[in-house]
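Trainee:
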Amino acid sequence: LDIRHPEELSLLRKPRDPSKKKKKKLDDQCEDDTFELEGPLITPGSGNIYSSPGLYSKTMTPTYDAHDGSPLSPTSAWFGDSALSEGNPGILAVSQPVTSPESLAKMYKPQTLLDKAKINQGWLDSSRSLMEQEVKENEALLLRFKYYSFFDLNPKYDAIRINQLYEQSKWAILLEEIECTEEEMMMFAALQYHINKLSIMSSENHLNHSDKDVDEVDAALSDLEITLEGGKTSTILGDITSIPELADYIKVFKPKKLTLKGYKPYWCTFKDTSISCYKSKEESNGTPAHQMNLRGCEVTPDVNISGQKFNIKLLIPVAEGMNEIWLRCDNETQYASWMAACRLASKGKTMADSSYGMEVQNILSFLKMQHLNPDPQLIPEQINTDINPECLVSPRYLKKYKNKQITARILEAHQNVAQMSLIEAKMRFIQAWQSLPEFGITHFNARFQGGKKDELIGIAYNRLIRMDASTGDAVKTWRFSNMKQWNVNWEIKMVTVEFADEVRVSFICTEVDCKVVHEFIGGYIFLSTRAKDQNESLDEEMFYKLTSGWV
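Residue 199 in UniProt numbering is what sits at position 199 of the sequence shown, and the numbering runs on without skipping anything.
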């Protein structure tokens with residue numbers, strides 16, 4: 001399908017809505033007809049996708065359209081006589097707008113974290129064939145990015161990959177699989193509206209651009225430095241021998257039971273990966289009142305731009321669990337600097353890291369897209385007619401506001417993104433999705449050794465998280481960087497992970513085959529070994545060694 005880094009994707013069984021009883025066969029037929037709307041699903045008809053294995057070469061770089069990044073060269077040569085050559089995989093680079101509010105309303109929306117965990121039971125086993133897993137002919141499976149670690153996402157080569165990521169993130173937000181604030185929802189809706197408009201225009205104009213050169217793509221994207229770890233080394237950092245520091249008055253709050261005390265201002269200094277809090281600036285040469293090392297902590301934003309609330313929630317690992325600390329910043333600039341520093345410190349990096357400057361800029365641009373314009377320009381009346389708010393926001397907001405109110409807010413938010421090109425808007429959407437607190441965590445139901453109740457295990461690209469099933473709060477986290485080994489007892493479905501300092505974590509997968517959980521851990525370990533200077537070939541033997549459960 002011309003999607004680079006296919007190791008990030010897998011197949012997922014279609015989730016069933018447990019609240020609905022089994023329907024008649026006729027209803028099932030109708031459901032399948034509308035199912036193609038459900039995000040990045042690829043159904044190329046019958047036939048083997050890889051019927052001509054030798055024809056697709058990783059080094060074959062097609063020419064891309066400078067306006068929307070879609071492939072221009074004929075794609076039939078990549079797939080020989082498979083069904084996809086007739087279907088043209090280039091179509092997968094084109095976004096499909098949600099056309100009917102009814103189809104959105106009918107789709108299954110997980111209500112709780114336990115519901116989300118149930119969806120993850122459906123991941124197929126990478127090391128076994130479809131037939132071994134009882135996938136029937138004509139059964140629809142979902143093609144999804146399984147691992148939330150998107151390596152070297154490049155608009156020049158990744159038109160299809162970016163569009164599929166955009167579709168997956170769009171549906172996650174519309175179906176409320178991931179939480180976002182109201183301001184963020186209106187920003188996502190405005191980007192969606194913009195992308196829908198440009199997609200229609202681009203498909204109409206597509207034939208006129210067929211002779212454009214790849215250099216034009218370079219020119220169009222020279223300003224778009226969006227890569228996973230932050231692009232070029234920032235010049236803001238100055239002398240690389242000294243580690244930058246932050247020092248400012250920050251309001252700090254440590255919640256305890258039965259306390260009504262609020263935030264207290266402290267003079268806070270951020271050095272390396274630690275924050276020291278002093279009662280005043282004058283006392284900063286003495287012993288701090290509080291000190292916290294953020295290495296391995298969980299960092300969550302709590303932001304409301306119209307209410308001028310810029311909070312950072314920190315869960316810091318200690319022997320008995322997690323200490324909760326809240327930081328309140330005064331403005332966007334202060335928040336962006338401290339939030340970026342906290343995110344890097346949680347990964348064990350300092351502000352001297354080349355990605356710090358880019359992280360600050362990404363946070364600022366994410367906040368800027370959510371701004372309300374105090375003096376909205378007069379919006380032409382005819383534009384109002386082509387907005388379909390029921391297809392741009394999740395059902396929660398349709399209950400809360402009238403369509404007219406939502407339309408006005410989407411148009412207001414659209415002014416912040418109206419100048420973006422199609423590929424940039426999709427990249428911004430993906431970036432904003434990556435900035436959400438719940439992004440990149442895959443949940444499973446689990447029972448921990450010594451625990452009395454069912455909890456959740458969350459797996460992210462760099463850590464395991466023990467979570468409270470009702471609130472979603474992190475009870476304890478363990479970083480993969482401290483992991484020595486992990487084992488699976490296949491008979492009792494128990495996964496045991498051993499970390500440095502003789503820390504051992506054991507849990508039983510209660511509703512999912514522990515092979516799925518094992519594959520997630522091994523998959524993320526494998527993805528962490530990728531490097532820019534490696535050649536494009538995938539070390540399949542190592543992938544299966546880490547994910548298959550047997551050597």
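C-beta: ideal position from N, C-alpha, C; glycine also.
So Ala172 packs on Phe444, CB below 8 Å; how close in whole Å?
Mentor: As a working mapping, residue 172 is identified with position 172 in the sequence shown. As a working mapping, residue 444 is identified with position 444 in the sequence shown. Not a contact, Cβ separation roughly 17 Å.
Trainee: Suppose you measure from the CA of Glu36 to the CA of Thr300; what does that come to, to the nearest Å?
Mentor: Reading the sequence shown from its first residue, position 36 is the one you call residue 36. Reading the sequence shown from its first residue, position 300 is the one you call residue 300. At Glu36 the pLDDT is 43, less than 50, meaning the model places this residue with poor confidence; the figure from the coordinates comes in the next sentence. When rounded, the distance between both Cα atoms is 34 Å.
Trainee: Pop quiz: Leu1 and Ile162 are said to be a contact at Cβ under 8 Å. What is the actual Cβ separation, rounded to whole angstroms?
Mentor: Taking the first residue of the sequence shown as position 1, residue 1 is located at position 1. Taking the first residue of the sequence shown as position 1, residue 162 is located at position 162. So it is not a contact: roughly 13 Å between Cβ atoms.
Trainee: Use the C-beta contact count for Glu184: other C-beta atoms within 10 angstroms, 16 or more gives buried, fewer gives exposed.
Mentor: Here residue 184 refers to the residue found at position 184 of the sequence shown. Buried, by the Cβ-count rule.
Trainee: Per DSSP, which one or two residues make a beta bridge with Val512?
Mentor: Sequence index remark: in the sequence shown, residue 512 carries index 512 (1-based). Val512 is not bridged to any residue.
Trainee: Going by other Cβ atoms of all chains shown within 10 Å of its Cβ, with 16 needed for buried, is Ser10 buried or exposed?
Mentor: Taking the sequence shown and counting its residues from 1, the one referred to as residue 10 is at position 10. Buried, since its Cβ has 16 or more Cβ neighbours within 10 Å.
Trainee: If you draw a straight line from the alpha carbon of Leu198 to that of Ser421, how long is it in whole angstroms?
Mentor: Residue 198 sits at position 198 when you count from the first residue of the sequence shown. Residue 421 sits at position 421 when you count from the first residue of the sequence shown. Using only the alpha carbons, I get a separation of about 8 Å.
Trainee: Using a 10 Å radius around the Cβ and a threshold of 16 neighbouring Cβ atoms, would you call residue 556 buried or exposed?
Mentor: The structure shown does not extend to residue 556, since the chain is modelled only from 1 through 551, so no value can be given for it.
Trainee: Please state the DSSP three-state secondary structure of Thr333.
Mentor: The residue you call residue 333 lines up with position 333 of the sequence shown. Here Thr333 sits in helix by DSSP.
Trainee: Ser346 and Leu294 look like a contact to me (Cβ under 8 Å); what is the Cβ gap, rounded to whole Å?
Mentor: Within the sequence shown, numbered from 1, the residue matching residue 346 stands at position 346. Within the sequence shown, numbered from 1, the residue matching residue 294 stands at position 294. Rounded, the Cβ-Cβ distance is 6 Å, consistent with contact.
Trainee: Which of the three DSSP states, helix, strand or coil, is assigned to Val505?
Mentor: The residue you call residue 505 lines up with position 505 of the sequence shown. The answer is strand: DSSP assigns Val505 an E or B state.
Trainee: I'd like to know whether the C-beta atoms of His414 and Ala190 end up nearer to each other than 8 Å.
Mentor: The residue labelled residue 414 in the question sits at position 414 within the sequence shown. The residue labelled residue 190 in the question sits at position 190 within the sequence shown. Yes, the Cβ-Cβ distance between His414 and Ala190 is below 8 Å.
Trainee: Would residue 563 and Cys268 be called neighbours here (beta carbons separated by less than 8 Å)?
Mentor: Since the first and last residues shown for the chain are 1 and 551, residue 563 lies out of range.
Trainee: Measure how close the beta-carbons of Arg447 and Thr496 come, nearest whole angstrom, since I'm counting them as under 8 Å.
Mentor: Position 447 of the sequence shown, counted from the start, is the residue given in the question as residue 447. Position 496 of the sequence shown, counted from the start, is the residue given in the question as residue 496. The pair is not a contact, with the Cβ atoms about 13 Å apart (cut-off 8 Å).
Trainee: I need the straight-line Cα distance from Ser355 to Leu175, nearest angstrom please.
Mentor: To locate residue 355, count along the sequence shown from 1; it is residue 355. To locate residue 175, count along the sequence shown from 1; it is residue 175. The straight-line gap from Cα to Cα measures roughly 32 Å.
Trainee: Could you please give me the residues that DSSP links to Asn445 through a beta bridge?
Mentor: Counted from its first residue, the sequence shown places residue 445 at position 445. Asn445 is bridged to Leu456.
Trainee: Assign Lys426 to one of two classes, buried (16 or more other C-beta atoms within 10 Å of its C-beta) or exposed (fewer than that).
Mentor: The count along the sequence shown starts at 1 and reaches residue 426 at position 426. Lys426 comes out buried.
Trainee: For His518, which residues in the same chain have their Cβ closer than 8 Å to its Cβ, ignoring the five residues on either side in sequence?
Mentor: Residue mapping note: residue 518 aligns to position 518 of the sequence shown, counting from 1. Counting only Cβ-Cβ distances below 8 Å, and skipping sequence neighbours, we find Trp486, Val488, Val495, Thr547, Gly549.
Trainee: Ile3 to Val94, Cα distance in whole Å?
Mentor: Taking the first residue of the sequence shown as position 1, residue 3 is located at position 3. Taking the first residue of the sequence shown as position 1, residue 94 is located at position 94. Cα to Cα, Ile3 sits roughly 14 Å from Val94.
Trainee: Which runs of the alpha helix (DSSP H) at least 4 residues long sit entirely within the UniProt domain "PH" (251-347)? Give them in chain order.
Mentor: 332-346
Trainee: Could you check whether Thr407 and Ile243 sit closer than 8 Å to each other, using their CB atoms as the reference points?
Mentor: Position 243 of the sequence shown, counted from the start, is the residue given in the question as residue 243. Position 407 of the sequence shown, counted from the start, is the residue given in the question as residue 407. No. Outside cutoff.
Trainee: To the nearest angstrom, how far is it from the Cα of Glu8 to the Cα of Phe151?
Mentor: Within the sequence shown, residue 8 is the residue found at index 8, counting from 1. Within the sequence shown, residue 151 is the residue found at index 151, counting from 1. For Glu8 and Phe151, the distance between alpha carbons rounds to 9 Å.
Trainee: Cβ atoms of Leu314 and Cys342: under 8 Å apart, would you say?
Mentor: Locating residue 342 in the sequence shown gives position 342, counting from the first residue. Locating residue 314 in the sequence shown gives position 314, counting from the first residue. Taking 8 Å as the Cβ cut-off, Cys342 and Leu314 qualify as a contacting pair.
Trainee: Skipping 5 residues on each side, what residues in its chain have a beta carbon closer than 8 Å to that of Leu124?
Mentor: Taking the first residue of the sequence shown as position 1, residue 124 is located at position 124. Answer for Leu124: Ser10, Leu11, Leu12, Arg13, Leu130, Gln133, Val135, Leu141, listed in chain order.
Trainee: With which residues is Ala247 paired in a DSSP beta bridge?
Mentor: Taking the sequence shown and counting its residues from 1, one reaches residue 247 at position 247. In the DSSP output, where bridge partners are listed per residue, Ala247 has Thr269.
Trainee: Less than 8 Å between the C-beta atoms of Glu455 and Asp473, yes or no?
Mentor: For the purposes of this step, residue 455 is taken as residue 455 along the sequence shown, with counting starting at 1. For the purposes of this step, residue 473 is taken as residue 473 along the sequence shown, with counting starting at 1. No. Outside cutoff.
Trainee: Could you pull out every residue in the same chain whose Cβ sits closer than 8 Å to the Cβ of Tyr266, ignoring the five residues on either side in sequence?
Mentor: Here residue 266 corresponds to residue number 266 of the sequence shown, with the count starting at 1. Contacts found: Tyr249, Ile250, Lys251, Val252, Cys277, Tyr278, Lys279, Ala289, His290.
Trainee: Since Tyr193 contacts Ile387 with CB under 8 Å, what's their CB separation in whole angstroms?
Mentor: Start at 1 with the first residue of the sequence shown, and residue 193 comes out as number 193. Start at 1 with the first residue of the sequence shown, and residue 387 comes out as number 387. Contact holds; Cβ gap of about 6 Å.
Trainee: Nearest to Ile508 by alpha carbon, out of Ile363, Lys452, Ser481?
Mentor: As a first step, residue 508 is located in the sequence shown; it is residue number 508 there, counting from the start. Minimum Cα distance to Ile508 is reached at Lys452.
Trainee: Do Thr477 and Asn120 have their beta-carbon atoms positioned less than 8 Å apart in this structure?
Mentor: For the purposes of this step, residue 120 is identified with residue 120 of the sequence shown, where counting begins at 1. For the purposes of this step, residue 477 is identified with residue 477 of the sequence shown, where counting begins at 1. Contact flag unset, no.
Trainee: Sort Asp353, Met339, Gly348 by Cα distance to residue 556 and report the nearest one.
Mentor: Past the edges of the chain, shown from 1 to 551, lies residue 556, and the structure says nothing about it.
Trainee: With distances taken between CB atoms, is the gap from Arg463 to Phe480 smaller than 8 Å?
Mentor: As a position in the sequence shown, residue 463 is number 463, starting the count at 1. As a position in the sequence shown, residue 480 is number 480, starting the count at 1. Yes, these two residues count as a Cβ contact at 8 Å.
Trainee: Mind reading off the beta-carbon distance from Met187 to Met322? Whole number of angstroms is fine, and I expect it under 8 Å.
Mentor: Taking the sequence shown and counting its residues from 1, the one referred to as residue 187 is at position 187. Taking the sequence shown and counting its residues from 1, the one referred to as residue 322 is at position 322. 30 Å between Cβ atoms; not a contact.
Trainee: Using a Cβ-Cβ cut-off of 6 Å (strictly less than) and excluding sequence neighbours within five positions of Leu92, which residues of its own chain qualify?
Mentor: Walking along the sequence shown from the start, residue 92 turns up at place 92. Only residues of its own chain outside the window of five on either side were considered, and among them Ile160 have a CB closer than 6 Å to the CB of Leu92, listed in chain order.
Trainee: Rounded to the nearest angstrom, what separates Gln434 and Glu139 at their Cα positions?
Mentor: Taking the sequence shown and counting its residues from 1, the one referred to as residue 434 is at position 434. Taking the sequence shown and counting its residues from 1, the one referred to as residue 139 is at position 139. Whole-angstrom Cα-Cα distance: 31 Å.
Trainee: Straight-line CA distance for Ser528 to Asn482?
Mentor: Numbered from 1 along the sequence shown, position 528 holds the residue referred to as residue 528. Numbered from 1 along the sequence shown, position 482 holds the residue referred to as residue 482. One C-alpha to the other measures close to 14 Å.
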